[in-house]
Amino acid sequence: MKNGHILFVDNVESFLRERSEFLEAAGYKVLKATSLEEAVNFFEEARVHLAILDIRIEDDVDDYDTSGIELANNERYKAIPKIMLTGFPTYEAVRNTLSSRVGEKSAAVAFLSKSEGPEIMVQAVKEAFAQHVRINWDLVIKWIEGSPIDFPYCVTHIEPELEKTLLPDRIDEFEDLFRKLFFEYEQITISQLIWSKEGRICLEVFAFSGEKEEQMIVTCGRVNDLEAEEVNFNKHTPKGYPGFSQPIVKETFRYAAIARAISKQEIDLIMSFAFFFREMSEKQIRDALENLYQSTMASWHLQDLTSEGIESLAQTYRNRMNIVEDHYPLEGLKAYMEMLTEEAQSKRLMEDIFIQDSTITFKFPNGQSITLPDPFTRLYEDASFPKPEIMYGTTLGGLSANSILVDRECQTWPTDFSRIGTGLILKDYI
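Numbering (this note's numbering), first residue to last: 232 to 661.
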């Protein structure tokens, strides 16, 4: 198998060195730390599959030292399974202390006494990898020939500011994520990048196990972003929604992935609506849009549907733009308009933009100009807008041509669920 990476933390260097030799002989890579600070640095910077933590990391003779327990209970490191280690006869009591749970994971997966031999430790590590780390080292991962997409590409899109020195370990961790996600499969083929935005990517993956083949949509990103997305999806998705099967959700320390199998009898060619729009006939495009809005999205929009208690259109716009102050500061508005003007001028889109007497004027390079009501002024004139005849319901928060998938039968699937919530249904039509 490939090397499993173990973080071993113990302040007794001789014990740490001796036991690490047995683990390394068993095929594991051991990161050795003799202090709490070193342990935290390894957690934050290195690739760690499993941690072995001494209960008293800071002081073996201090009966009140529970630094190892505190580290094990740290919510930030909940995705990494931990084996607790102690040389004291009270370790049964410590076992009870660590039976508490961190989120949905036990703070520790095993407990060992230092008096137990190295063979017992190696066996406990082997069982922890099999039962809790669960990485499919034998999974065959293939990419479509000629595709520019690979694991380095994915990592740099999720973490565009990542230091180059950290990239190799992050790539390995991202590959670990897929080996966890497809633990029950023999081979996967990553066929295309569906979309990439805001530190998240979405991939089409074909997964094989024996004679079984599944077509999956896999969304990847940072752990917190994906956890929030899955909570929203579970909260707002219509009951019995036929689009996808039950998702598979896995995470490493930094990354998480959600795999959803497309609910369809036969594997079929799917493509983004952007590609579909360019390549297909007018009738096929109309059929796809009809399926999208009258079938696929209807089950979402009809949830919590209401037109009661709708505020003015101006208030709706303010909410959409997250303007919570009574009035937008004039100085901020001027600075913002100057920035927009400079940007438009640099691209030769505008010659000038200026506001005067509650109007905004756009002057174009060809000498023409147009004057319109100043939207910032109108944003606070609630009475000037009639009560809108608009509907609220469950919305995806805006669809894009790349995030909607279409097959040759004009069936449709949305794939971006990061902004699900109750809001203006019109958002999904813009």
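Here a beta-carbon is modelled for each residue, glycine too, at the ideal position from N, C-alpha and C.
For this session: Kindly indicate which residue of R579, V340, D605 has the alpha-carbon position closest to the one of F595.
Result: Numbered from its first residue, the sequence shown carries residue 595 at position 364. Nearest option by C-alpha distance: R579.
Problem set entry | Residue of I448, K373, G624, K470 minimising C-alpha distance to I501 | Indexing the sequence shown from 1 puts residue 501 at position 270. Looking at the Cα atoms, I448 is the closest of the given residues.
Problem set entry | A341 - containing beta strand (DSSP E), residue span | The sequence position of residue 341 within the sequence shown is 110, counting from 1. Segment 341-344, the beta strand (DSSP E) holding A341.
Exercise. From Q446 to Y611, what does the alpha carbon distance come to, in whole angstroms?
Worked result: As a first step, residue 446 must be located in the sequence shown, where it is residue number 215. As a first step, residue 611 must be located in the sequence shown, where it is residue number 380. Taking the straight line from one Cα to the other gives about 49 Å.
Exercise. Starting from D583 and walking both ways along the beta strand (DSSP E), at which residues does that stretch end?
Worked result: Counting from 1 along the sequence shown, the entry for residue 583 is found at position 352. Taken as a continuous stretch (DSSP letters only), the beta strand (DSSP E) holding D583 covers 583-587.
Problem set entry | Three-state secondary structure (DSSP) of V333 | Here residue 333 refers to the residue found at position 102 of the sequence shown. Caution is warranted here: a pLDDT of 47 is assigned to V333, below 50, making its placement in the model unreliable, and the coordinate value is therefore given only provisionally. Residue state, collapsed to three classes: strand.
Exercise. What are the partner residues of S600, as DSSP defines its beta bridges?
Worked result: The residue labelled residue 600 in the question sits at position 369 within the sequence shown. Paired residue(s): K594.
Problem set entry | S577 - partner residues in DSSP beta bridges | On the sequence shown, position 346 is the one that residue 577 refers to. According to DSSP, which records beta bridges pairwise, S577 is partnered with nothing at all.
Exercise. Beta carbon of L238, beta carbon of L254: below 8 Å?
Worked result: Numbered from its first residue, the sequence shown carries residue 238 at position 7. Numbered from its first residue, the sequence shown carries residue 254 at position 23. Cβ distance not < 8 Å, so L238 and L254 don't count as in contact.
For this session: Using the Cα positions of D588 and F382, report the straight-line distance between them to the nearest angstrom.
Result: On the sequence shown, position 357 is the one that residue 588 refers to. On the sequence shown, position 151 is the one that residue 382 refers to. Answer to the nearest angstrom: the Cα atoms are 54 Å apart.
Problem set entry | Buried or exposed (CB count within 10 angstroms, at least 16 for buried), T625 | Numbered from 1 along the sequence shown, position 394 holds the residue referred to as residue 625. Classification of T625: buried, given that the 10 Å Cβ count is 16 or more.
Exercise. In chain order, what residues of the same chain lie with their CB nearer than 7 Å to the CB of D290, ignoring the 5 residues before and after it?
Worked result: In the sequence shown, counting from the first residue as 1, residue 290 sits at position 59. For D290, where only same-chain residues beyond five positions count, the Cβ hits under 7 Å are D296.
For this session: Check whether the Cβ atoms of F439 and E406 lie closer than 8 Å to each other.
Result: As a working mapping, residue 439 is identified with position 208 in the sequence shown. As a working mapping, residue 406 is identified with position 175 in the sequence shown. No, they are not a contact pair.
Exercise. Do L370 and R410 have their CB atoms nearer than 8 Å?
Worked result: For the purposes of this step, residue 370 is taken as the residue at position 139 of the sequence shown. For the purposes of this step, residue 410 is taken as the residue at position 179 of the sequence shown. The answer is yes: Cβ separation under 8 Å.
Exercise. Per DSSP, what kind of secondary structure is Q423 in: helix, strand or coil?
Worked result: Within the sequence shown, numbered from 1, the residue matching residue 423 stands at position 192. Note: Q423 maps to strand in three-state DSSP.
For this session: Given a cut-off of 8 Å, decide if A270 and K313 are closer than it, judged by their beta-carbon atoms.
Result: In the sequence shown, the residue the question calls residue 313 occupies position 82. In the sequence shown, the residue the question calls residue 270 occupies position 39. It is not a contact, given that the beta carbons lie outside the stated cut-off.
Exercise. In terms of residue numbering, what span does the alpha helix (DSSP H) encompassing H388 cover?
Worked result: In the sequence shown, residue 388 corresponds to position 157, counting from 1. It spans 382-389 - the alpha helix (DSSP H) in which H388 sits, taken as one unbroken run.
Exercise. By Cβ distance below 8 Å, which residues in the same chain neighbour F508 in space, the five residues on each side in sequence not counted?
Worked result: Mapped onto the sequence shown, residue 508 falls at position 277. Same-chain partners within the cutoff: I516, A632.
For this session: Under the assumption that S676 contacts E521 (Cβ atoms under 8 Å), give the Cβ distance between them as a whole number of angstroms.
Result: Limits of the chain in this structure are 232 at one end and 661 at the other, which puts residue 676 out of reach.
For this session: Could you tell me which of G452, S422, E358, A361 sits nearest to I402, measuring between CA atoms?
Result: Counting from 1 along the sequence shown, the entry for residue 402 is found at position 171. For I402, the nearest C-alpha among the options comes from G452.
Exercise. So what does DSSP say about A324, is it helix, strand or coil?
Worked result: If you number the sequence shown from 1, residue 324 lands on position 93. Only weak support exists for where A324 lies, its pLDDT of 48 falling under 50; the value from the coordinates is given anyway. In this structure, A324 counts as helix in the three-state DSSP scheme.
For this session: Measure the alpha-carbon distance for G430 versus P349 and round it to whole angstroms.
Result: On the sequence shown, position 199 is the one that residue 430 refers to. On the sequence shown, position 118 is the one that residue 349 refers to. One C-alpha to the other measures close to 43 Å.
For this session: Answer yes if the region 461-477 comes into contact with the region 390-404, meaning at least three C-beta pairs across the two stretches below 8 Å, and no otherwise.
Result: no
For this session: Using alpha carbons as the reference points, say which of T527, L655, A545 lies closest to S538.
Result: Counted from its first residue, the sequence shown places residue 538 at position 307. Answer by Cα proximity: L655.
For this session: Could you check how far apart the C-beta atoms of F484 and V279 are, in whole angstroms? I think they sit under 8 Å.
Result: As a first step, residue 484 must be located in the sequence shown, where it is residue number 253. As a first step, residue 279 must be located in the sequence shown, where it is residue number 48. At roughly 7 Å, the Cβ-Cβ gap stays under 8 Å, so F484 and V279 are in contact.
Exercise. Once you ignore the five residues that flank A324 on each side, which residues in its own chain have a CB closer than 7 Å to its CB?
Worked result: To locate residue 324, count along the sequence shown from 1; it is residue 93. Unreliable positioning characterises A324 in this predicted model, as indicated by a pLDDT of 48, which lies under 50. The coordinate reading is nonetheless provided below. Excluding residues within five positions, none has a Cβ falling inside 7 Å.
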